[in-house]
Every structure is written in structure tokens, then in C-alpha cells.
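Colleague:
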Amino acid sequence: MTVSAPQVTFPRAFLWGAATSAYQIEGAVREIGRTPSIWDTFSHTPGKTVGGETGDIAVDHYHRYRDDVALMAELGLGAYRFSVSWSRVQPTGRGPVVQRGLDFYRRLVDELLAHGIRPTITLYHWDLPQDLENAGGWPQRETAFRFAEYAQLVGEALGDRVEQWITLNEPWCSAFLGYGAGVHAPGRTDAAASLRAAHHLNLAHGLGASALRSVMPARNTVAVSLNSCPVRTVSQDPADLAAGRKIDDLANGVFHGPMLHGAYPQSLLTATSSLTDWSYVHDGDLATINQPLDALGLNYYTPTLVSAASRTAAGRPRPGGRDRAAGTPWPGAEDVSFHQSPGERTEMGWTIDPAGLHELIMRYSREVPGLPLYVTENGAAYDDKPDPDGRVHDPERIAYLHSHLSEIRRAIADGANVRGYYLWSLLDNFEWAHGYSKRFGVVYVDYATLARQPKSSAHWYSLAARTGKLPPPQV
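My numbering puts the first residue of the sequence shown at 4, with every later residue one more than the last.
1) Give the C-beta separation of VAL225 and ALA212 to the nearest angstrom, bearing in mind that I take them to be a contact with Cβ-Cβ under 8 Å.
2) Distance check for GLY98 and GLU480, CA to CA, integer angstroms please.
3) Which of helix, strand or coil does DSSP assign to HIS342?
4) Going straight from the alpha carbon of PRO189 to that of TYR127, what length do you get?
5) Where do the ends of the beta strand (DSSP E) carrying PHE148 lie?
6) Candidates LEU115, GLU159, VAL421 and HIS407: which alpha carbon is nearest ARG69's?
7) Give the straight-line distance between the Cα atoms of TRP89 and PRO39, rounded to the nearest whole angstrom.
8) Check the DSSP bridge columns for LEU296 and list the partner residues they point to.
9) Would DSSP call LYS472 helix, strand or coil?
10) Check whether the region 129-146 touches the region 23-40, taking contact to mean three or more Cβ pairs, one atom from each stretch, closer than 8 Å.
11) Which residues does DSSP list as the beta-bridge partners of PHE85?
12) Identify whether VAL11 lies in helix, strand or coil by the three-state DSSP scheme.
13) Grab me the residues of ASP2's own chain with a C-beta within less than 7 Å of its C-beta, minus the 5 sequence neighbours each way, in chain order.
14) Sorted by chain position, which residues of the same chain lie with C-beta nearer than 6 Å to GLU434's C-beta, five sequence neighbours on each side aside?
15) Which runs of the alpha helix (DSSP H) spanning at least 4 residues fall entirely within the region 244-319, listed in chain order?
16) Select from TYR464, ASN432 and HIS361 the residue whose C-alpha is nearest the C-alpha of LEU426.
17) Could you name the residues of the same chain whose beta carbon sits closer than 6 Å to that of GLN10, not counting the 5 residues immediately before and after it, in chain order?
18) I need the straight-line Cα distance from ALA151 to GLY260, nearest angstrom please.
19) What would DSSP say about SER217, mapped onto helix, strand or coil?
20) Who pairs with LEU115 in a beta bridge, going by DSSP?
21) What residue range does the alpha helix (DSSP H) around ALA226 cover?
22) Do you know offhand how far LEU3's Cα is from TYR377's?
23) Check whether the Cβ atoms of VAL445 and ARG400 lie closer than 9 Å to each other.
24) Within a Cβ cutoff of 7 Å, which residues of the same chain sit near GLN294, ignoring the five residues on either side of it in sequence?
25) Quick test of the definition: if touching needs 3 or more C-beta pairs under 8 Å, does the region 100-120 touch the region 71-79?
26) What's the call for PRO389, buried or exposed, on a 16-neighbour Cβ count within 10 Å?
27) Between HIS407 and the rest of its own chain, which residues show a CB-CB distance below 7 Å, the 5 nearest in sequence each way excluded?
28) Rounded to a whole number of angstroms, what is the C-alpha to C-alpha distance between ASN230 and GLU34?
What follows is the structure, given as C-alpha cells:
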């Protein structure tokens with residue numbers, strides 16, 4: 004006799020959402036005063052993206068947002084997390100806003116609210132105005148103050164209707180992939196600059212959170228989304244454990260240390276002392292960064308496996324599961340080797356490890372007891388293609404979502420205060436340096452016509468969102 008597993012049921016108030024980012028979906032890069040961001044510049048630089056592809060059109064969400072919101076409503080989403088294009092609303096990264104640029108986000112918010120979908124705004128998802136990069140970018144302290152000004156302007160415009168706010172998305176990627184490894188915009192390979200960028204992103208978060216709270220109703224919440232990851236070692240050998248501690252500092256502690264605890268890990272400062280003296284950390288900075296958070300966003304894709312450098316490395320997966328290249332996103336970690344975690348992989352080559360999400364959630368439940376947690380990104384890329392009947396079947400993604408959501412439910416049962424989940428992503432889109440070669444969406448986009456087609460996973464997730472129960476993973 005076959006005994007079926009009990010159905011996984013979520014708390015009634017659990018929030019079911021999806022996430023996107025501006026440069027990946029909006030297009031309309033020259034519309035109404037918008038100026039280039041670092042991703043416009045980077046993607047137009049030969050050799051930086053697959054096939055030289057850019058976000059100039061992306062999936063044209065700027066012009067199709069009403070249809071996209073209607074699709075979200077059809078799927079039963081309770082929330083939608085999107086980012087604001089900084090250079091669309093403040094083209095030079097300083098000075099007055101372009102009201103017609105802000106009007107796009109006003110219309111989007113109104114459309115979401117009219118369909119009963121809660122908007123969640125991310126202020127910064129990697130698209131720094133190019134003018135600010137020309138002035139030095141995130142390694143320069145002034146950029147943090149420009150971000151605070153931008154945060155205040157957007158908060159004033161939309162804070163009456165948007166209650167959930169996120170300052171930064173994955174500052175690790177901005178600092179270390181953008182300024183260290185050079186595989187993300189702006190494409191620099193300067194380890195010391197990447198550490199300065201990390202600090203000024205931290206400072207921007209603190210200043211931005213304070214700026215938002217100065218202009219918004221008290222009911223609104225302020226959070227940050229970190230691509231923290233479990234760091235595991237190939238053995239319990241002391242040298243491997245030391246390597247794991249070093250990478251945990253660089254993957255996680257460099258951001259959650261100041262944000263959550265008001266200090267950088269001393270072991271991080273020691274490990275990077277040959278690269279920088281950290282003199283750019285001014286008196287009062289850590290108190291500014293250590294703003295009280297209303298929630299914490301966790302983005303999770305895959306764990307990181309390391310050893311001491313004396314062991315043979317077999318690939319170099321990074322936290323959150325994105326890319327790395329000739330530059331290093333790990334300043335001061337030359338004595339560490341990175342290994343491919345065992346198990347099945349997604350189209351990105353990232354190991355599928357749902358238990359890692361439970362591990363991550365429980366870690367932050369211990370570090371900041373009671374703080375509401377949201378999984379603000381989680382998803383997988385697969386080689387999705389329409390069947391002859393025009394439908395897109397993606398059972399691998401359904402299995403991925405089922406396993407990860409089951410781990411979230413297990414964490415809730417274990418006492419974690421997880422309030423919601425935003426799958427990555429609603430739509431197939433421009434996947435940064437991978438161009439359009441990797442599809443993360445639960446909605447298939449025909450890039451020739453830009454027609455949208457919900458995949459099997461969209462219908463599966465819709466049923467979960469509507470009922471609060473996970474359907475079986477089979478389709």
C-alpha cells in the first residue's frame with residue numbers, strides 16, 4: 004500500500020509573491036529623460052554579456068505593465084517585489100527627480116493596488132546611474148549620501164501607498180562581482196575597491212533607511228535583501244574550518260555584521276588588512292548602518308563549499324549562486340579553495356540544496372530572534388521550450404519550488420518567523436551577463452514577439468498561493 008506524504012500547509016497570513024528588477028524587465032532605456040546606468044554601459048561593452056545582449060528592450064514591461072499586473076492577478080499573487088530604476092527618476096543620481104519617470108512607478112503601484120496585490124519596492128537592484136560611477140561609484144563615500152537623497156525622494160512620492168520597502172538587493176554582488184571580479188557592472192577588478200564599495204553600500208543602507216523613515220508613515224516597513232548563504236567545509240580539519248570562517252565573513256558577515264550587530268567581524272578586518280586599512284570607516288558609520296530593521300530579506304540559491312587551498316578545487320560556486328571570473332570576489336582569501344557542492348544542478352550550474360535554505364533561515368532566527376524574515380528571492384533556471392501544443396512544461400522547476408517551500412515550512416515549524424516568499428522570477432528576462440540565455444521565469448517570454456505564456460510552474464504556484472497548500476510536485 005502506498006502512503007502519500009501529508010500536504011504542506013502554510014500559515015494563513017503567509018505572503019505569496021514574485022520578484023523582478025528594473026533593468027532586467029523594463030526596457031525603454033531612453034524613455035522620458037532616463038540616462039544610462041552602469042548596466043547600460045556594461046552590457047553595451049563588447050564581450051561583457053552573452054551574445055552582446057542588452058536590456059534596451061528586455062521584456063518591455065515599461066509598456067506592458069498593465070498586462071503583466073493582470074497576469075499576476077490571474078495567478079493569485081499576493082505581493083509583487085520590483086525595483087526602481089534610479090536613473091529613470093533621478094538621471095544624474097543627484098538633484099531633482101524627473102516626475103514623468105516617477106509617474107511610471109506611480110501608475111504601476113496604482114495598478115497593483117487596484118488588483119489587490121501588495122507592492123514591495125527595492126530601491127537599488129544594481130543599476131547605479133552612470134554619472135555616479137563616473138564620479139567614483141560605490142568605492143566613493145559620496146555615493147552613499149546620493150543614495151540617501153534618492154531614497155528620500157522616492158519615499159516621498161510613493162510612501163503613502165507602498166508599505167514594504169527594501170533598501171538594497173544583494174550588496175555582495177554590487178561590491179564583489181562589480182568591483183572585484185569584474186563580471187558585473189561596472190566591471191572593475193580591484194579587490195581593495197570592492198571592500199570600500201562594501202562599506203559604502205552598508206552606509207547607503209543605513210542612511211537610506213533613515214531617509215525613508217523621515218518621510219514615510221510609521222506603519223511602513225524597511226528591510227534589506229541579502230544573498231547570504233550557508234558556507235560549508237569539505238572536512239572538519241582545522242585548516243578547512245579556518246577557510247570556512249574566512250569565506251563566511253566575506254559572504255555574510257561583511258554585511259550582516261554592521262547591519263544587524265553594528266560591527267564588522269574582527270576576523271574579516273584581520274584577513275583583509277594587507278589590502279586595506281579600513282580607514283574609510285568613519286566615526287559614527289557603524290551606528291548609522293545599524294538601523295533597526297522591520298524585516299530581513301534572504302535571497303537563496305545554493306550553498307558554498309570550501310577548503311584550505313592545499314586541497315584540489317573543483318569549480319568555484321559563489322554565495323547566492325551567481326558567477327565569477329578572472330578577478331576575485333573574495334579579497335584576502337587567496338588561501339581558500341572552492342568546490343562544487345554535490346547534487347543535481349540547475350541550468351546555471353548551481354547545486355540544488357533545499358536544506359541550505361532551512362539552514363540559512365534558522366541561522367538568522369538565532370542571530371536576530373523575532374525579526375520577521377522574508378525569502379525575497381529563490382528560483383531556478385531551466386532550458387524551457389514550448390511543446391508543439393504551445394504549452395511550456397517545467398516539472399523540474401515545480402520540484403525545485405516544492406522542495407524549497409517545504410524547507411521554509413519546516414523552518415516555520417521550528418520557530419522561524421518567516422512571513423512570505425517571493426519567487427524569482429515572475430518573467431523570463433535579461434539575466435545580467437548571461438543575457439537571455441537563462442530562463443528563471445514561471446512565465447515564458449517569447450523574445451521575438453514578447454508574448455507571455457504561463458508555464459506549468461506558474462499554474463502550480465498559483466494553486467499554492469490561492470490555497471496556502473503545496474500541490475504535489477508532479478504534473
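By construction, the Cβ of each residue, glycine as well, lies at the ideal position given by its N, Cα and C atoms.
Modeller: Put simply:
1) 5 Å
2) Given that the chain is displayed from residue 4 to residue 478, the structure contains no residue 480 and the question cannot be resolved.
3) strand
4) 15 Å
5) Where PHE148 is concerned, there is no enclosing beta strand (DSSP E), although the alpha helix (DSSP H) it sits in stretches over 145-161.
6) LEU115
7) 10 Å
8) DSSP lists no partner for LEU296.
9) strand
10) yes
11) ILE124
12) coil
13) Since the first and last residues shown for the chain are 4 and 478, residue 2 lies out of range.
14) LYS441
15) 269-274 and 288-292
16) TYR464
17) LYS472
18) 21 Å
19) helix
20) In the DSSP output, where bridge partners are listed per residue, LEU115 has none listed.
21) Per DSSP, ALA226 belongs to no alpha helix (DSSP H); it is in the beta strand (DSSP E), 224-229.
22) What the structure shows of the chain is the stretch from 4 to 478, and residue 3 is not part of that stretch, so it cannot be assessed.
23) yes
24) GLY209, ALA212 and SER213
25) yes
26) exposed
27) PRO357, LEU360 and ASN381
28) 31 Å
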